[in-house]
Amino acid sequence: MEQTFIMIKPDGVQRGLVGDVISRFEKKGFYLKGLKFINVDRPFAEKHYEDLSAKPFFSGLVDYIISGPVVAMIWEGKNVVLTGRKIIGATNPAESAPGTIRGDYAIEIGRNIIHGSDSAESARKEIALWFPDGPANWQSSVHHWIYE
Ligand code: UDP
Ligand code: MG
518 MEQTFIMIKP DGVQRGLVGD VISRFEKKGF YLKGLKFINV DRPFAEKHYE DLSAKPFFSG
578 LVDYIISGPV VAMIWEGKNV VLTGRKIIGA TNPAESAPGT IRGDYAIEIG RNIIHGSDSA
638 ESARKEIALW FPDGPANWQS SVHHWIYE
């Protein structure tokens, strides 16, 4: 089954949104396969966002990500990469639909609460970077109540 990398950014942690974010993914039916509460350093944040290194907002983005602890997670389920992006909402909260995490809780693009992998390929890279030991090995006992 597909996996994605989700990170609650420092603003999401500071604003007490960790439980809400986890709850949305859990209630949907996705399985939590990795969870870490950590501070990352500048080189690590630059590596995570390396595809954006030429963008004008890159150094501000890195400052933001290293400004406090983040919650890094692996979530698993059918289509979790794309569906996770829908749960999160558009990059700019001004354009994120109400009902999405960014649409409900954020105002500005540089304080948009949460990261989610944008493709299965990015998810593989990000999970390898953040969870070198790989995902936790467990199976939900309610699987057949979620999947037909
Ligand atoms: N970002 C920003 N200004 C921009 C575009 C992006 O500060 O003009 C930040 C924003 O926090 C975003 C992150 O850079 O979440 C990564 O950008 P990306 O385009 O990958 O958006 P995402 O995949 O997070 O929706
Ligand atoms: Mg992205």
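Residue numbers (this note's numbering): 518 to 665. For each residue, glycine too, the CB sits at the ideal point set by N, CA and C.
Contact check for V597 against S636 fails: the beta carbons are separated by 8 Å or more.
The region 589-609 and the region 562-574 do not touch, with fewer than 3 CB-CB distances between them shorter than 8 Å. Within the model, the alpha-carbon separation for I583 versus N629 is close to 15 Å. The beta carbon of G627 is closer than 8 Å to those of F574, G577, L578 and Y581 in its chain, skipping five residues each way along the sequence. D528 and I644 have their alpha carbons spaced roughly 21 Å apart. Note on geometry: alpha-carbon atoms of I523 and I631 lie some 7 Å from one another. Separation of the CB atoms of E519 and K595 is rounded to 7 Å, and the pair is thereby assigned contact status at 8 Å. If you look at K553, you'll find it in the beta strand (DSSP E) that goes Y548 to I555.
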